[in-house]
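Using the UniProt record's numbering, the letters of the sequence shown correspond one by one to residues 1 to 476.
Just so you know, even glycine gets a beta-carbon here, dropped at the ideal spot from N, CA and C.
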Amino acid sequence: MSIRDNIIKMSVSNKKSQCLDYKNKLILAPMVRVGTLPMRLLALEMGADIVYTEELVDLKLIKSVRRPNPALDTIDFVDPSDGTIVFRTCALEKSRVVLQLGTSDASRALTVSKLVEHDIAGIDINMGCPKEFSIKGGMGAALLAEPDKAAHILSTLCSQLDIPVTCKIRILPDIFETIKLVQQLAATGIAAIGVHARTRDERPQHRPHPDVLRALTSAVDIPIIANGGSRGIHTHEDIYKFQKLCGADSVMIARAAQQNVSIFRREGLLPIDDVICKYLRLSVDYDNAPHNTKYCVQSILKELQETARGKRFLQCQTLQQICEIWQLGDYCRSRQQHYKLHGNIGRSEVVPPVEDKILNKRRKVETSNDLISEAYDGVISCNMAFLRSTYPNDNQLPKTLLYVRSGRLDKEPPSYETRQCNKLFRSICSFDGQRYSSSFWEKNKRQAEQGAALVALFQLGLLEEDTLRNNGSLVS
């Protein structure tokens, strides 16, 4: 049974009332760059009851356009200025996904919430993030210093939305001030409040303060969701120990889930390779951005990034390359071919008047292959990436090997011509009367030249296709 089938089965068996219940729940915490759709779905598969999105800033989301994406069976909120996906969700998580919003203005918060409320189960206002970006914008933990403003935002949403509203805070240095704040926020009509058991200035290396959370649970009638216990959470049972220690109604997991989302499994943790493979399949299924997928896999690998496989992984730039390392290359290729038959890969259908502007930007790199073909007739090309980690010795680099071959054959040494497009580079290698190029665009000129030499070596029969596929160089 696929991950998607498992989630559907769980959604049917756990179907509850339309209003989200926050009591006795295991929750995936909002985490920037982690809480995107593939990780949220995997958390649900692993046993989480509720999943939070990463924080989405109101000013970014407010200008987005809602578009159904039939290729992926998703709902995409698209930035019309450049076509990027601001928020992607799907029916599989609709009844259990909470969108966390970064805001400092009640009116903007309401506008954004109205935009997304029919595609999510709840809205959460971030009132705890201590990062400078949030603080300077009057968001996150900055709202802790303005309780009246925070309460106004919450009461505005509670009175106007048909979905439950929550907020997530950090504790204040004074326990009595914390109780006073929570009571004021609870009086706005919110359904629950998540509490990170540290102050604004404390970090993960500092111990949490479960005693403060115990005081909060007896001070208000709404559920208290305990957060900040990942330091002591290593097994599924540890989650409940933290819950009991805090006297909380529910538990929200961040770093422990980021490192191994199977922490939600009652049966115990899965090996990290199993977790990565499940995550990669979902990333392929929902055309997740390669840089985001890479970040999440890095969080799982941790110190294993220093191994030979880890270093090879760090060189990857595409989803295909990452999947090759975990023997999912064929799966990635077949899914992408399927998407091509049903429209653009993972891209929402965009309608005028922004269509031309968006498509032009998207096609800058996609159509650049044609630019080279038009300028140079007879270029032999294939989609091949240069991964520096696969060449530990400089004398084995593709350019070096091709140069040595030219000397042995008494030929003119290869020459290179490089083109730049949208901060990416692609080279043409001219050797023995033929031109070679990789259609994979590299991040700098040197790597582009190595990629072109790699294609030349492959076409000359000096490199095996299986070897290139196994090390992730042959992208498709």
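(request) Give the secondary structure of Val165 by DSSP, where H, G and I count as helix, E and B as strand, and everything else as coil. (result) By one-based count along the sequence shown, residue 165 stands at place 165. Strand.
(request) Please say whether Val97 and Val51 have beta carbons closer to each other than 7 Å? (result) Working through the sequence shown from its first residue, we reach residue 51 at position 51. Working through the sequence shown from its first residue, we reach residue 97 at position 97. Contact flag set, yes.
(message) Just to confirm the assignment, what range does the beta strand (DSSP E) spanning Cys90 have?
(response) For the purposes of this step, residue 90 is identified with residue 90 of the sequence shown, where counting begins at 1. For Cys90, the enclosing beta strand (DSSP E) begins and ends at 85-90.
(request) Following the continuous beta strand (DSSP E) through Leu101, name the residue where it begins and the one where it ends. (result) Position 101 of the sequence shown, counting from 1, holds the residue named residue 101. DSSP places Leu101 in the uninterrupted beta strand (DSSP E) bounded by 97-102.
(request) Indicate whether Asp148 and Ala109 have their beta-carbon atoms separated by less than 7 Å. (result) For the purposes of this step, residue 148 is taken as residue 148 along the sequence shown, with counting starting at 1. For the purposes of this step, residue 109 is taken as residue 109 along the sequence shown, with counting starting at 1. Going by C-beta atoms, Asp148 is not nearer than 7 Å to Ala109.
(request) For Arg335, I'd like the list of residues in its chain whose CB is within less than 7 Å of its CB, leaving aside the five on either flank, ordered along the chain. (result) For this step, residue 335 is matched to residue 335 along the sequence shown. If we look at Arg335 and ignore the five residues flanking it on each side, its Cβ neighbours are Val284, Asp285.
(request) Note down the Cα distance separating Ser473 from Leu328, rounded to an integer number of angstroms. (result) Stepping through the sequence shown from its first residue, residue 473 is reached at position 473. Stepping through the sequence shown from its first residue, residue 328 is reached at position 328. Approximately 14 Å between the Cα atoms of the pair.
(message) With a threshold of 8 Å, are at least 3 pairs of Cβ atoms found where one atom belongs to the region 264-277 and the other to the region 307-317?
(response) no
(request) Following the continuous beta strand (DSSP E) through Arg252, name the residue where it begins and the one where it ends. (result) The sequence position of residue 252 within the sequence shown is 252, counting from 1. Note that residue 252 is Met in the sequence shown, not Arg. Unbroken beta strand (DSSP E) run through Met252: 250-253.
(request) Rounded to whole angstroms, what's the CA-CA distance from Leu282 to Pro38? Just pull it up for me. (result) Within the sequence shown, numbered from 1, the residue matching residue 282 stands at position 282. Within the sequence shown, numbered from 1, the residue matching residue 38 stands at position 38. Spanning the two alpha carbons is a distance of roughly 5 Å.
(message) If you reduce the DSSP assignment to three classes, tell me which class Tyr391 lands in.
(response) Here residue 391 refers to the residue found at position 391 when the sequence shown is read from its first residue. In the displayed model, Tyr391 falls within coil according to three-state DSSP, outside both helix and strand.
(request) Can you tell me which of the three DSSP states Ile276 falls into? (result) Mapped onto the sequence shown, residue 276 falls at position 276. Ile276 falls in the helix class under three-state DSSP.
(request) Write down the C-beta distance between residue 479 and Leu245 rounded to the nearest angstrom, noting that I regard them as a contact closer than 8 Å. (result) As shown, the chain starts at 1 and ends at 476. That puts residue 479 outside it, with no answer to give.
(message) As an exercise, report each continuous beta strand (DSSP E) stretch of at least 3 residues that is fully enclosed by the region 44-73, in chain order.
(response) 50-52, 65-69
(message) On a Cα-Cα basis, can you pick out the residue from Gly102, Arg66, Pro80 that is closest to Glu54?
(response) Taking the first residue of the sequence shown as position 1, residue 54 is located at position 54. It is Gly102 whose Cα lies nearest to the Cα of Glu54.
(message) My output table needs one value for Leu28: the three-state DSSP class, helix, strand or coil.
(response) The residue given as residue 28 occupies position 28 in the sequence shown. Secondary structure of Leu28 (DSSP, three-state): strand.
(request) Flag this pair as yes or no: are the beta carbons of Asp124 and Lys63 separated by less than 7 Å? (result) On the sequence shown, residue 124 is found 124 positions in, with the first residue counted as 1. On the sequence shown, residue 63 is found 63 positions in, with the first residue counted as 1. Not a contact, by the Cβ cut-off of 7 Å.
(request) For Arg426, write down the residues that DSSP places opposite it in a beta bridge. (result) By 1-based counting over the sequence shown, the position of residue 426 is 426. In the DSSP output, where bridge partners are listed per residue, Arg426 has Arg419.
(message) Whether or not the region 412-419 and the region 427-434 are in contact is what I'm after, with contact meaning three or more pairs of Cβ atoms, one per stretch, closer than 8 Å; do they touch?
(response) Contact between the region 427-434 and the region 412-419 is present, because at least three Cβ pairs lie under 8 Å.
(request) May I ask you to report which of helix, strand or coil DSSP gives Cys19? (result) As a working note, residue 19 is residue 19 in the sequence shown. Correct three-state label for Cys19: coil.
(request) Put Met39 into one of helix, strand or coil per three-state DSSP. (result) Residue 39 sits at position 39 when you count from the first residue of the sequence shown. Helix at Met39.
(request) For Lys443, collect the residues of the same chain with a Cβ closer than 6 Å to its Cβ; drop the 5 residues on either side in sequence, then sort them by chain order. (result) Counted from its first residue, the sequence shown places residue 443 at position 443. Cβ within range, chain order: n/a, list empty.
(message) Does Arg333 come out as helix, strand or coil in the three-state DSSP assignment?
(response) On the sequence shown, residue 333 is found 333 positions in, with the first residue counted as 1. It is helical.
(request) Could you tell me whether any Cβ in chain B is nearer than 7 Å to the Cβ of Arg170? (result) Here chain B cannot be found, since the structure has a single protein chain.
(message) What does the Cβ neighbour count give for residue 477, buried or exposed, with the cut at 16 atoms within 10 Å?
(response) Only positions 1 to 476 of the chain appear in the structure, and residue 477 is not among them; the question remains open.
(message) Among the candidates Glu177, Asp79, Gly228, Ile193, whose CA atom is the shortest distance from the CA of Asp21?
(response) Numbered from 1 along the sequence shown, position 21 holds the residue referred to as residue 21. Asp21 has its Cα closest to that of Ile193, out of Glu177, Asp79, Gly228, Ile193.
(message) According to DSSP, is Phe431 part of a helix, a strand, or is it coil?
(response) If you number the sequence shown from 1, residue 431 lands on position 431. Strand, per DSSP.
(message) Restricting to Cα atoms, I'd like to know which of Val65, Gly451, Ser113 is closest to Thr390.
(response) To locate residue 390, count along the sequence shown from 1; it is residue 390. The shortest Cα separation from Thr390 among Val65, Gly451, Ser113 belongs to Gly451.
(request) May I ask which residues mark the beginning and end of the beta strand (DSSP E) holding His196? (result) Position 196 of the sequence shown holds residue 196. Where His196 is concerned, the enclosing beta strand (DSSP E) stretches over 192-196.
(message) Using 7 Å as the threshold, is the C-beta distance between Tyr416 and Glu449 below it?
(response) Within the sequence shown, numbered from 1, the residue matching residue 416 stands at position 416. Within the sequence shown, numbered from 1, the residue matching residue 449 stands at position 449. It is a contact, given that the beta carbons lie within the stated cut-off.
(request) Taking the CB atoms as reference points, tell me whether Leu72 and Val112 lie closer together than 7 Å. (result) In the sequence shown, the residue the question calls residue 72 occupies position 72. In the sequence shown, the residue the question calls residue 112 occupies position 112. In this structure, Val112 does not lie closer than 7 Å to Leu72 by Cβ.
(message) For His209, count the other beta carbons within 10 Å of its own beta carbon; 16 or more makes it buried, fewer makes it exposed. Which is it?
(response) Locating residue 209 in the sequence shown gives position 209, counting from the first residue. Buried, by the Cβ-count rule.
(request) Using a threshold of 7 Å, state whether the C-beta atoms of Arg200 and Arg231 are closer than that. (result) Walking along the sequence shown from the start, residue 200 turns up at place 200. Walking along the sequence shown from the start, residue 231 turns up at place 231. No. Outside cutoff.
(request) Give the DSSP bridge partners of Cys382, in chain order. (result) Taking the first residue of the sequence shown as position 1, residue 382 is located at position 382. Beta-bridge pairing links Cys382 to Ser438.
(message) Can you tell me whether Asn288 is buried or exposed? The criterion is at least 16 other CB atoms within 10 Å of its CB, across all chains shown.
(response) Start at 1 with the first residue of the sequence shown, and residue 288 comes out as number 288. It is buried - the Cβ of Asn288 has at least 16 other Cβ atoms within 10 Å.
(message) Please report the straight-line C-alpha distance between Gly47 and Leu26, rounded to a whole angstrom.
(response) Along the sequence shown, one-based indexing puts residue 47 at 47. Along the sequence shown, one-based indexing puts residue 26 at 26. Between Gly47 and Leu26, the alpha-carbon positions lie close to 8 Å from each other.
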